[in-house]
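Some notes on the structure that comes next.
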Amino acid sequence: MNLNKSRRILMLLVLTLAVAVAVMPMTAFAEVPYWTNSKEKQGRLIWTQPAYTPVGIFGKDLTVPDKDKPGATKASPLQNPKDIFIDKSDNIYVADTGNNRIVQFDSNGKWIRYIEATVEGKPLNKPEGVFVTDDGIIYIADTGNKRVVRVNKDGSTKEYGRPPSKFIPEAFKYDPTRLVVDKRGFLYIAVLGGYQGLLQLDPEGNFQSFYGANATVFSPLDAMKRLLYTKEMYANEISKLPGAISSVAVDNDGFMYTTTAGQGIKKNQIKKLSIRGMNLLKTDTDVYGEVRRMDIRFATGGQVTPQLIDLAVDSNGNITAIDSSYKYINQYDANGNLLFFWAGPSSANTTQLGLMKNPVALDASSRNDLYLLDGQEGVVQIFRLSEFGIKVNEANKLTLAGRYEESEGPWREVLRLNANFSPAMLGLAKAAYKQGNYEEARDLFKRAEDHKGFSNAFWQIRLQWFQKNFSLMATIVLVLVIGLALFERLTRKTKWRNAWKNRKRSQNSAAVQFRHMFYLLKHPIDGFTALRYENKGGYWSALAVLACAYASLVIMRLYTSFSFNMTDLNRFNVLSHFLQFALIWIGWVVSNYLVSSIYRGEGRFKDVFVGSAYALMPVILVGIPIAIISNIMTNSELAIYDFILNMMYLWAGLMFFWKVQSLQNYSVGETIVNLVLSILAFFILAVLLLVILGLSSDLKDFVYEVYQEVRLR
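In case it helps, mature numbering (1 follows the signal peptide of the UniProt record, and there is no 0) puts the sequence shown at residues -30 to -1, 1 to 683.
Shown next, in the form of structure tokens:
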């Protein structure tokens, strides 16, 4: 009976679950074949509703007249297209490189015409770029013919060849790939491999300047080579050149934007250029191009660094860039802050709406739809803003315009839809700050991981508190000062004061060692010498100091004010931190003792162990107080905070120096040599430990395989 009853209950539960799943509304993620993400400032992924949804695809059904069959047509799809441009009327122009033509579509992807311009008897040859002005003039980067072609509204043409100028190097290769034209009619041309920057020409084709060149990226190894190599040796090295601009775009205000792709280029792949060619986009890291670690295996050629090869700027000022490595679409706001990234690689055998095989270019329409060109598939995909994306754009546009109060409602709606969306928290924090709700702003800035905003809100809270309580605080301080002065005066000659001054000091070893720790701080050389010859230190007291030093470091990590604390507390592991501290400590003690034993040192292992522990006293005495005091400080006192912190580390470093000098009976020069050799020995021990661990793992696998072989036989 009980068994039957249990079965009935189980069947009822299964049936209830099935009904619940059947009526459950499908999530937004089921609408698209990809994930949409944002990121917190610490780099953690935020899963969001789709910001854009793929709504269409076109480019495969193109035809041309069949010369062999009058009146008939034959298929002529896009072949290896390289660029796409959308004019103010939302007409779409595609540089159909493989077919040597420009194809014009309407906003729905319906074919309008082919543009096959011929100038001086030469038709287009592998055109890779196209741009259309507000007046309807078409500019084509005719790469194969090494020229730019202008097609006027009346059908007349003009070409811009390599301009004659003594300021253009002879080795400069004029192979135009992308271009834009400003409102004055000046051309900005990106050329293949052109590390000098964009080639700027006036409307007549005369050279003006190179514009927006990238800086040369030097690694620490390059800097060391420049320092140590002779001129002859350095001349044999491969020249380091700036990255070449891969694409260029212009926004409604006339600002130029460029992308730079290439191996080893990790920063400033996207730039917004001033009239002088200076980069106006400044973020915390200047790193663009997002990565989901789980998708690294899909990167083209095993690349890890994203390669942003093209971008578009929509009417909201949002910057959207495509990544050829991970097949992502990355969208940033007008200040370069990440909003979303989505999409990914398509299946090799099919065309998947929303996914890509080889994204090469994109542009945005007046409605902020994105049109993405896939060079391998020869198609254009249309991505339309979702309801969530529209709300984010609306709220973010108000925030960037400084209309914080108006942005509060849209941001709250966004946060209602996605409670983890950091830009919404940041927008609400700015709105609360603008309205004077500083405590709410402080909490929201902290959730959004904005240290500067948190500090500014706390500064206002602190100011209001001081204004409200200053008179009370001043009265308390005055009363305490007067009270202490009277207490000192009235009790100066009392018996209990004299008895306290003349009290008998405990000679217990623990008490002696405790007092000696503080004596070391005032007289470090004599104090460390006493460890060696007067036995005023012990293992237990040293372990106690180490425990306190570790506790101080943990407290500094966990309880330092958010204004100064860049530690990701969600990822902070006390045990892992302890293992790091212990391994570094033991490695230092062993390395320093071994080097000192070889290098005429006089100290015992106990002296090195105890002295190295006592040298950490500044970390205990300064670390905990500065962590506590930081909670009443703001970024305006950052210089004071950094000064105290640096003084703590300097003090501890000097204590280690004096420890080695006194315990080993060294001169200053010998002490420096000992410290350098100890650090080298520490790194050697670390490498040996890693090798041993690696071999141990291999040995374990070998023994296990032998065991399996014997057991199976």
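Don't be surprised by glycine CBs; every beta carbon is placed ideally from N, CA and C. If you're wondering where the values come from, they're calculated on a predicted model, not measured in any experiment.
Answer with buried or exposed for residue i, where buried requires no fewer than 16 other C-beta atoms within 10 angstroms of its C-beta.
i	result
residue 563	buried
residue 263	exposed
residue 332	buried
residue 297	buried
residue 282	buried
residue 490	buried
residue 158	buried
residue 435	exposed
residue 248	exposed
residue 347	buried
residue 554	exposed
residue 58	exposed
residue 386	exposed
Compute the distance between the beta-carbons of residue i and residue j, then report whether it is under 7 Å.
i	j	result
residue 23	residue 335	no
residue 113	residue 136	no
residue 228	residue 239	no
residue 251	residue 306	yes
residue 309	residue 3	no
residue 394	residue 378	no
residue 345	residue 293	no
residue 444	residue 530	no
residue 362	residue 384	yes
residue 494	residue 621	no
residue 633	residue 557	no
residue 565	residue 655	no
residue 99	residue 149	yes
residue 25	residue 352	yes
residue 593	residue 522	yes
residue 184	residue 163	no
residue 237	residue 257	yes
Quick one, which of the options has its alpha-carbon nearest residue i's?
i	options	result
residue 84	91, 410, 70 and 585	70
residue 427	407, 33, 184 and 595	407
residue 619	300, 651 and 589	589
residue 166	460, 56, 301 and 210	210
residue 156	107, 139, 520 and 360	107
residue 53	40, 218, 139 and 80	218
residue 138	124, 115, 177 and 125	177
residue 17	295, 391 and 64	391
residue 561	550, 582, 386 and 328	582
residue 591	488, 14 and 533	488
residue 532	376, 568, 612 and 600	600
residue 339	456, 21 and 442	21
residue 403	388, 337, 386 and 372	372
residue 429	301, 607 and 34	607
residue 359	303, 524 and 321	303
residue 311	615, 623 and 19	19
Taking 7 Å as the limit between beta carbons, can you name the residues of its chain near residue i, skipping five residues before and five after?
i	result
residue 175	130 and 133
residue 42	36
residue 161	143, 144, 145, 146, 147 and 169
residue 103	151
residue 364	380
residue 15	7, 9 and 262
residue 418	392, 395, 396 and 399
Would you list the residues sitting across from residue i in a DSSP beta bridge?
i	result
residue 7	17 and 311
residue 26	352
residue 117	112
residue 732	No information on residue 732 is available, as it lies outside the stretch -30 to 683 that the chain covers here.
residue 446	Paired residues: none, contrary to the question.
residue 180	169
residue 416	Note: residue 416 sits in no beta bridge, so no partner.
residue 66	71
residue 217	229
Return the chain-ordered list of same chain residues with a C-beta closer than 8 Å to the C-beta of residue i, the five sequence neighbours on each side being excluded.
i	result
residue 420	11, 396 and 399
residue 542	527 and 528
residue 127	87, 88, 89, 119, 120 and 121
residue 82	61, 74, 75 and 76
residue 509	576, 579 and 580
residue 684	For residue 684 there is no data in the structure shown, the boundaries of the chain being -30 and 683.
Counting only the same chain and skipping the five closest in sequence on each side, list residues whose C-beta sits under 6 Å from that of residue i.
i	result
residue 631	641
residue 66	48, 51 and 73
residue -7	Bear in mind that a pLDDT of 34 at residue -7, under 50, signals an unreliable position, so the number given afterwards is only what the model happens to contain. There are no such residues.
residue 28	79 and 350
residue 635	572
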